[in-house]
Amino acid sequence: MFVVDQPAIAIVLCLLTMLFWGSWTNGQKIVTQSAPLPVFYRDYVYGIVGTSILVAFTLGSLGDQGRSVWEDLQQAKVANLGLAFAGGVIFNLGNWLLASGINRSGIAIAMPIGTGLSLAVGLVVNYIAEPTGSLPLLIAGGVAVLVAIAFSALAYLAKEEGESSGDSDKTGIWIALAGGLVAGFFFRTVSASIAQDIMNPEPGMLTPYSALLLFSIGIGLSNPLIERLVKRFKLAGDEEPDHSINFRQHSIGLASGFIWSLGMAALLVGSPKAGDAVSYGLSQGATIVSVLWGLFLWKEFEGAPPKANRYLWLMGATYVAGLVLIIFARA
């Protein structure tokens, strides 16, 4: 099993998580210009599952440190196997809603709203499970993130007012909020199944690689049902028939899943050595990366009134302030 024993390498892995998690949505933007969201998301899930299997049976099984994935699965307690699997189901539901919110409102709005609420919920869940760190700083950081969410919503409403005299469509905001509320529970669910000491993992617990494998299986097996529910309630917007889907579009969906899964693997492997505060703060910085993609690559706010851009700057400032407070609280 590949184990990181140098803090510098661990921090680089966490930076990769921030970049990968902030970038996978570009694939969605490309594919959904000419294909329905479920087409992209199906390939995205295949990419996550395939990459997780590859990582598990290469980096997770080679070398003489720790336990191999196969040995780990054989000795693991059923409860821990179930936690890792359930984490995948929870993530998939939350991420489907987030992707639907992006489809309606854009990356620059849906990502900070969805992942911001996920971060705030995760803070509460993690503190209840393990009450460590400065509670006042955690509260201040959580409040700053919630304020950032409010600024994101105000930016979207100001943009919609500038484009149309009619009522703005707030559906994407509400869907992204629902996704963030659900996704806030996934990481704690997965991490509860993982051994604290990766070099000498406790009996019955999982290593990051086997947890990632079970997590991805949970995503893959739950996806048909969740996709059906999303279509049933028309959460992804107006869908067109699945036709004229070419190899390039499928490849982009697979690549998006590959990128996200590598980010998850990098975080699980790097976080023990990088430290809880640094790894958590850097991974959540993915939201800022995604907003920058939405603004500068996709130009989602091009031509928006000055008021909308001011709200975006306030969103970025308060979100970064919240992350800094959370890092100091957990350090």
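Residue numbers (the numbering used here): 14 to 344.
The beta carbon of each residue, even a glycine, is placed where N, CA and C say it ideally should be.
According to DSSP, simplified to helix, strand and coil, what is S178? Here residue 178 corresponds to residue number 165 of the sequence shown, with the count starting at 1. With a pLDDT of only 49 at S178, under the threshold of 50, the placement of this residue in the model should not be trusted, and no figure is reported.
What residue range is occupied by the uninterrupted alpha helix (DSSP H) comprising G329? Within the sequence shown, the letter at position 316 stands for residue 329. Its alpha helix (DSSP H) spans residues P319 to R343.
Range of the contiguous alpha helix (DSSP H) that encloses D85: By 1-based counting over the sequence shown, the position of residue 85 is 72. Counted as a single uninterrupted DSSP element, the alpha helix (DSSP H) harbouring D85 occupies residues V82 to Q88.
Assuming I61 contacts S229 (C-beta within less than 8 Å), just tell me the rounded distance between them. To locate residue 61, count along the sequence shown from 1; it is residue 48. To locate residue 229, count along the sequence shown from 1; it is residue 216. With 8 Å as the limit, I61 and S229 qualify as a contact, their Cβ atoms being about 5 Å apart.
First and last residue of the alpha helix (DSSP H) that includes W4? Because the chain is modelled from 14 through 344, residue 4 falls outside the range shown and cannot be assessed.
So does the region 295-308 actually touch the region 90-97, counting three or more Cβ pairs closer than 8 Å? They do not touch, by the three-pair rule.
Bridge partners for I207 per DSSP, in chain order? One-based indexing of the sequence shown puts residue 207 at position 194. Note: I207 sits in a beta bridge opposite L219.
What residues in its chain sit with their C-beta under 6 Å from that of L132, if we drop five residues either side in the sequence? Position 119 of the sequence shown holds residue 132. Cβ within range, chain order: V158 and Q297.
Closer than 8 Å is the cut-off here; do at least three beta carbon pairs connect the region 281-294 with the region 18-36? A contact between stretches requires three or more CB pairs, one per stretch, nearer than 8 Å, and the region 281-294 meets this requirement with the region 18-36.
Which first and last residues belong to the alpha helix (DSSP H) in which W109 is found? Looking up residue 109 in the sequence shown gives position 96. From DSSP, the alpha helix (DSSP H) with W109 extends over V91 to S118.
G247 by DSSP, collapsed to three states: which one? Counted from its first residue, the sequence shown places residue 247 at position 234. Looking at the sequence shown, residue 247 is not Gly but Lys. Correct three-state label for K247: coil.
Does the distance between the C-beta of I211 and the nearest non-hydrogen atom of the ligand GDP fall short of 8 Å? For the structure depicted, the ligand GDP is absent and the ligand set is empty, with no information on it obtainable.
How far does the alpha helix (DSSP H) with G60 in it extend, from its first residue to its last? Translated into positions along the sequence shown, residue 60 becomes position 47. L50 to A69 is the span of the alpha helix (DSSP H), which, as asked, contains G60.
Determine the direct distance from the alpha carbon of L170 to that of M212, and round the result to whole angstroms. Here residue 212 refers to the residue found at position 199 when the sequence shown is read from its first residue. Here residue 170 refers to the residue found at position 157 when the sequence shown is read from its first residue. Their Cα atoms are separated by approximately 50 Å.
Roughly how far, in whole angstroms, is the beta-carbon of A112 from the beta-carbon of Y54, given that I think they are within contact range, below 8 Å? Your numbering for residue 112 matches position 99 in the sequence shown. Your numbering for residue 54 matches position 41 in the sequence shown. Right, their Cβ atoms sit about 6 Å apart.
Counting only the same chain and skipping the five closest in sequence on each side, list residues whose C-beta sits under 6 Å from that of I339. In the sequence shown, the residue the question calls residue 339 occupies position 326. If we look at I339 and ignore the five residues flanking it on each side, its Cβ neighbours are G154.
Counting C-beta neighbours from all protein chains within 10 Å, is the total for P318 16 or more, i.e. buried, or is it exposed? For the purposes of this step, residue 318 is identified with residue 305 of the sequence shown, where counting begins at 1. By the C-beta density criterion, P318 is exposed, having fewer than 16 other C-beta atoms within 10 angstroms.
With distances taken Cα to Cα, identify the nearest neighbour of S223 among G101, L28 and M31. What you label residue 223 is simply residue 210 of the sequence shown in a count that begins at 1. When only C-alpha atoms are compared, the closest one is G101.
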